[in-house]
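This report refers to the structure that appears directly beneath it.
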Amino acid sequence: MNRLTPEQVAARCAADIPDGAYVNLGIGMPTEVANHVPADREVIYHSENGVLGFGAAPAPGEEDPQLINASKQHITMRPGGSFFHHADSFGMMRGGHIDISVLGAYQVAANGDLANWSTGSETYPPAVGGAMDLVVGAKQLFAITRHTLKDGTPKIVERCSYPLTGAGVVSRIYTDLAVIAVTDAGLQVIELLAGNDFDTVQNVTDAPLMAPDTARRAQG
Amino acid sequence: MNRLTPEQVAARCAADIPDGAYVNLGIGMPTEVANHVPADREVIYHSENGVLGFGAAPAPGEEDPQLINASKQHITMRPGGSFFHHADSFGMMRGGHIDISVLGAYQVAANGDLANWSTGSETYPPAVGGAMDLVVGAKQLFAITRHTLKDGTPKIVERCSYPLTGAGVVSRIYTDLAVIAVTDAGLQVIELLAGNDFDTVQNVTDAPLMAPDTARRAQG
Amino acid sequence: MINRIRDSIAEAIACVADGDTLMCGGFGSSGVAFNLMDALLDHGARDLTIVANNAGVGETGIARLLAENRVAKVICSYPRSPGSVWFERRYEENAIELELVPQGTLAERIRAAGAGLGGFYTPTGYGTALAEGKRTEIIDGVGHVFETPLSADVALLKAERADRWGNLVYYKTARNFNPIMATAARTVIAEVSAVVALGDIDPEQVVTPGIFVDHVIETEQAVA
Amino acid sequence: MINRIRDSIAEAIACVADGDTLMCGGFGSSGVAFNLMDALLDHGARDLTIVANNAGVGETGIARLLAENRVAKVICSYPRSPGSVWFERRYEENAIELELVPQGTLAERIRAAGAGLGGFYTPTGYGTALAEGKRTEIIDGVGHVFETPLSADVALLKAERADRWGNLVYYKTARNFNPIMATAARTVIAEVSAVVALGDIDPEQVVTPGIFVDHVIETEQAVA
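Residue numbers (the numbering used here), protein chains in the order written: chain A, 1 to 220; chain B, 221 to 440; chain C, 441 to 664; chain D, 665 to 888.
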C-alpha cells in the first residue's frame, strides 16, 4: 500500500481551498497546508494564536521565535497580515468569520463526528486547544490525518471511541490514502491517492466507504 | 444667594481628584473638570467614546472634529494617551478599572441614589449613555450638578422622583452651593461655597443636610 | 485576487433591503459614515432599524434618514442631544420605536454577536427601569441582567485607511463603535479617507482585520 | 507623577503570595514572561494556580515551576506539547489538578473578568465531556454552555515596549493572551524589552492602556 507523505496530503488539501478563503490551520499536520498554496490563489490563513495572513515557513536562518503558528512552528507574514489578541482571535472563529477550518484528528466517524482532544486515558493528559471553538464556528471543517495509526488501527471509523470534539462537524477528510466527503449517505471517496485501489483503502477503514464510481453514478 | 459658575464647580471638583487617578468624565458639566487639573498632579481622564489621557480644550482654531469627549466637545491629547473601541472602553468602566466617575445628575438623594437618564416623560425622550455602566463599575462616584433647577426646584432630594440610574452609588456631590459627602448618617456638608451660610443652602435642598460643624464634632 | 475596494458607492450599498437592521458607527458626529448614509437615501431603503449610539443631529446622517421617514426603530443609548430635532419630533409623534440600551451593554451586545456568544450577564442596569422584563440573576452577591447578542444585516462604518484586503485603521475618537460593528453584521461596508497599498498598514496596527469587511469606498471627505 | 517602571524585579513580584492564582501570558514559548517566572522561583511562592494556554516545555517558565513543585493547579487549554515533560510527570503522579478549558472559552472567561461581566453563554464545548456538569441552554436552536469569568491575583506578562504610564505594545504573535490577562488580574506585572519615553507610543497603537498595568520591568531579553 502506497501512502502520501504528510507534505503531499497537505498539498492535496491546499488544492481544494478556493481563492479568497479565510482558513484556520489547527495544530499538527494542518499547519503544513500553508506551505502549499497554489500560485494562482490568494488564501488568508488564520492561526488561533492571533495572526491572519501568514505565509510559508521562513528560510533557514530567518526564523523569528516570536512569530509562530498553532504548532509553534516559525512562519512568515504576507503583506496585508495582522496581529491581534486571543479573545479577538477566537471571536473570529466562534463568530462564524472563518470559511474553512483544517483540523487534525484522532478519529473521524462516518457521520462527521470528530475526536481530536482526548484518548480518555487517566495518565495521558488531554489537550483541547482551539478545536472545540473551530467546530462550532467555522463554516466548513476539513479533517486532515493519517488514514491509520502506525500499527494499522483505522482512524476513519464507524463511530468514534474517543471523546468527541464535535458531533457531525467534518465535511471532508484528507488522508495519505484518500480524499473523502462526509455525506448524508455516508463516506464518499472523492479521490484515491498514491495509486491505491478502492478495496485497499476500504480494508484499512473501519467505516464503509462509497467508491468514486458510486459518486459519479449518484450524480448522473 | 451666591452661586459658583459651572467652571468654578468643575475646578472645585478637580481639586479633590488625587494625583495618579483614572477618572471618567460623563456627559455635561463633568467634561469641564478636565480643564481644571491642579498643576502639581497627573490625572488620567477617560471618556466613554474610547480615549484615555486627554487634556484641556484646544485653543481656538486648533480643534479636531474627530477628537471629542463624551459631551462631543473638542479635546486635546496628552503624551501617554490612547484610543480604543467602545467594547474596550466600557470594559474599563464595568471591570472596575476606573477610580472615579464624575457624572451629571437630574437628582441625587440623601442615600446616594442617582437619577440622570429619564424624566419619565412620554414625549421627552430618555437618554442613558454610559451612566449605568459607570455606577456599577467605577470605584467612587462624584455627582456634579447645579444645586437647583432654574425655577428653584431642589435637585438634592430626600428621595428621587425620577427613575434611578443607580441605587446608593454617589459618594460626593459638587454643586454651585456646596460640597456634600453622602454618609451612612445622611448628607454631610463638607464645604459651603460662594460665601453662602448653611441655612441658605439647606433652604434650597429637599433632603436634610448636616452642617460642616457637625462633621467636625462627629470626627472629634 | 481579493479586492474589497468598490468604485461606486451605490454598488457598495446595493445589498441594503427594506426592513434591514443597520449598524451605524459613530459617537456624535465623529466616526460617522456620512457618505454611505447619504447614498442610502438615494438607494431608497425604508422601514430600517438603526443600531447606533445616537440618533443623529441637525439634518445629516441618521437625522436625515429620520426626516425622510426611512427609520422604523432606533436601538441606541443616547438619542437625545442638542440638535437631535428629527429624533425628538418622530418620538413625540410616536412615529418611531426606541429601544434604549445602556451604552456599555449596547457595545457588549454587538461584540457578543460578532464573537458568536449566546448572551451574557452584566451588572449594568440591574434594578433599573431598563432591566424591566429581563431575566436577572444574582452572581457572587451582585445583581446581573441577561443580555442577548445584537447583530445586523449591514454595518455602515467610517475608517481612516483601508487596503484591498479590507484591513482598517481608524482616526482618534472616530474609532468608537466602528471596530465592534465590523464584527457583527452580515455585510460590512466602510467608507475610508484613503485606500493604501496592501502591506502599507503595519500588521501590529491593524484594528479591524479584513476578514470582517466586505466593501470599501474611498471618499473625499477630510477628517481633520 | 505616575511611574509604573520598577528598578527591581523582586520588588515587582513581591506581591505574589502562596496560594495565589497567576495568569501567565504566552502561547508556546512566544510572549512568555520568562524573567518574571524565574524571579518567582527565587521569591518562593508555592501552591500556585496557573492560568495559561500551555503548561510549559523543557525546563523553563511554567515547566520550571512544576519541576520545583510550586504549582497546585493548572487552568489551560493545551497542557501537552512536545517537551511538556514536567507537566506530564506531575499529571501522571496525580500531583497536580488540571482544569482543561477550550482555548476560546479560556480567552473569553479572562476577558469577561476584565470587563466586569458575570458570565456568558458559548456554543463551544456543548455536548462534549468538557461541558459535563455545566449549566447549558438552547439559544436560537443552538446548544450553549454557561461559562464564568476567570480572574487572577497577579498577571505576569511579556510586552515589547512600555512607557511610565504602563502603556504596552506587543511584538507579533507574542501578543496572544497578554492583553486580555492585563485586564483580569488584581496586580499586573509586565516585563518589556524596552522602556520608552511617555508619548513615544502613538495613542492609536497602544494595545494595553496603562490603566491596566501596575509594574513594569525592563529586561535584557532580546525578542527577535
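Cβ coordinates follow ideal geometry from the N, Cα and C atoms, glycine included.
All figures in this text were calculated on a predicted structure; none of them were measured in a lab.
- Task: Please state whether DSSP places residue 531/C in a helix, a strand or coil.
- Result: Here residue 531/C sits in helix by DSSP.
- Item | Where residue 256/B meets chain D, residues with beta-carbon distance less than 8 angstroms | Contacts between residue 256/B and chain D, judged by CB atoms closer than 8 angstroms, are missing: the closest CB pair is about 19 angstroms apart.
- Anyone know if the C-beta pair for residue 641/C and residue 594/C falls short of 7 angstroms? The answer is no: Cβ separation not under 7 angstroms.
- Partner residues on chain C for residue 273/B, Cβ-Cβ distance less than 8 angstroms: Within chain C, no residue comes near residue 273/B; the closest Cβ sits about 12 angstroms away, beyond 8 angstroms.
- Within the segment 795-837 of chain D, ranges of the beta strand (DSSP E) (whole runs, at least 3 residues): You should have 800-803, 806-811, 816-826.
- Message: By the 9 angstroms beta-carbon criterion, what residues does the segment 311-340 of chain B contribute toward chain C?
- Response: Cβ contacts with chain C: 311, 313, 314, 337, 338, 340.
- Could you tell me which uninterrupted alpha helix (DSSP H) segments, each at least 4 residues in length, are contained entirely in the segment 127-191 of chain A, listed from first to last along the chain? Taken in chain order, the unbroken stretches of alpha helix (DSSP H) that lie wholly in the segment 127-191 of chain A and span 4 residues or more are 131-137.
- Message: I want to know whether the segment 842-853 of chain D touches the segment 807-825 of chain D - three or more CB-CB distances under 8 angstroms.
- Response: Three or more Cβ pairs drawn from the segment 842-853 of chain D and the segment 807-825 of chain D lie within less than 8 angstroms of each other, which places the two stretches in contact.
- Task: On a CA-only basis, which of 189/A, 142/A, 204/A is nearest residue 151/A? Give me that one, please.
- Result: That would be 204/A, whose Cα lies nearest to the Cα of residue 151/A.
- So, are the CB atoms of residue 325/B and residue 358/B less than 7 angstroms apart? Their beta carbons are not under 7 angstroms apart, which means residue 325/B does not touch residue 358/B by this criterion.
- Query: Does the Cβ-Cβ distance between residue 192/A and residue 115/A come in under 7 angstroms?
  - Reply: No. Outside cutoff.
- Query: What separation, rounded to the nearest whole angstrom, lies between the Cα atoms of residue 571/C and residue 381/B?
  - Reply: In a straight line, the C-alpha of residue 571/C is about 18 angstroms away from that of residue 381/B.
- Item | residue 529/C beta carbon less than 7 angstroms from that of residue 270/B | In this structure, residue 529/C does not lie closer than 7 angstroms to residue 270/B by Cβ.
- Query: Can a CB atom of chain C be found closer than 7 angstroms to the CB of residue 784/D?
  - Reply: The C-beta of residue 784/D comes closer than 7 angstroms to at least one C-beta of chain C.
- Message: Considering only their Cβ atoms, is the gap separating residue 514/C from residue 495/C smaller than 7 angstroms?
- Response: Yes. Within cutoff.
- Provide the residue span of the alpha helix (DSSP H) that contains residue 13/A, from first to last. Counting along the chain, the alpha helix (DSSP H) containing residue 13/A begins and ends at 6-14.
- Beta-carbon of residue 83/A versus every beta-carbon of chain D: anything under 7 angstroms? So yes, residue 83/A belongs to the interface.
- One or two residues paired with residue 381/C in a DSSP bridge: What is shown of chain C runs 441 to 664, which leaves residue 381/C out entirely.
- Spatial neighbours of residue 921/D in its chain, beta-carbon cut-off 7 angstroms, leaving aside the 5 residues before and after: Shown here, chain D extends from 665 to 888; a query on residue 921/D therefore has no answer.
- Three or more beta-carbon pairs under 8 angstroms between the segment 76-95 of chain A and the segment 630-646 of chain C, yes or no? Yes, they touch.
- residue 309/B and residue 252/B closer than 7 angstroms at C-beta: For residue 309/B and residue 252/B, no; Cβs fall outside 7 angstroms.
- Task: Measuring only between beta-carbons, confirm whether residue 863/D sits less than 7 angstroms from chain B.
- Result: Judged by the 7 angstroms Cβ criterion, residue 863/D is in contact with chain B.
- Would you kindly work out how many angstroms separate the C-alpha atoms of residue 888/D and residue 64/A, rounded to a whole number? Bear in mind that a pLDDT of 42 at residue 888/D, under 50, signals an unreliable position, so the number given afterwards is only what the model happens to contain. Here the alpha carbons of residue 64/A and residue 888/D stand approximately 6 angstroms from one another.
- When you compare only the Cα positions, how much space is there between residue 743/D and residue 126/A? Rounded to whole angstroms, the gap between the alpha carbons of residue 743/D and residue 126/A is 8 angstroms.
- State yes or no: is the beta carbon of residue 781/D nearer than 7 angstroms to at least one beta carbon in chain C? Nearest CB-CB separation between residue 781/D and chain C: below the 7 angstroms threshold.
- Between the beta-carbon of residue 734/D and the beta-carbon of residue 770/D, is there less than 7 angstroms? Taking 7 angstroms as the Cβ cut-off, residue 734/D and residue 770/D do not qualify as a contacting pair.
- Task: Flag residue 579/C as yes if its beta-carbon sits less than 7 angstroms from any beta-carbon of chain D, otherwise no.
- Result: For residue 579/C, the nearest beta carbon of chain D is closer than 7 angstroms to its own beta carbon.
- Of all Cβ atoms in chain C, is any one closer than 7 angstroms to the Cβ of residue 249/B? Not a single C-beta of chain C is nearer than 7 angstroms to the C-beta of residue 249/B.
- With a CB to CB cut of under 7 angstroms and the five nearest residues on each side skipped, what residues in its chain are close to residue 458/C? Around residue 458/C: 485, 486, 487.
- Task: Assign residue 246/B to one of three DSSP states: helix, strand, or coil.
- Result: Residue 246/B: coil per DSSP, three-state reduction.
- Message: Is the beta carbon of residue 327/B closer than 7 angstroms to that of residue 263/B?
- Response: No, they are not a contact pair.
- For residue 75/A versus residue 21/A, is the C-beta distance shorter than 7 angstroms? No, the Cβ-Cβ distance between residue 75/A and residue 21/A is not below 7 angstroms.
- Item | Delimiting residues of the alpha helix (DSSP H) encompassing residue 310/B | Start and end: 306-314.
- Message: Could you check whether the segment 388-398 of chain B touches the segment 274-292 of chain B, counting it as contact only if at least three pairs of C-beta atoms, one from each stretch, sit closer than 8 angstroms?
- Response: The segment 388-398 of chain B is not in contact with the segment 274-292 of chain B.
- Query: Who pairs with residue 688/D in a beta bridge, going by DSSP?
  - Reply: Note: residue 688/D sits in a beta bridge opposite 820/D.
- Item | Given residue 176/A as reference, the closest of 185/A, 184/A, 183/A, 189/A once Cα atoms are compared | Distances from the alpha-carbon of residue 176/A to those of 185/A, 184/A, 183/A, 189/A put 189/A closest.
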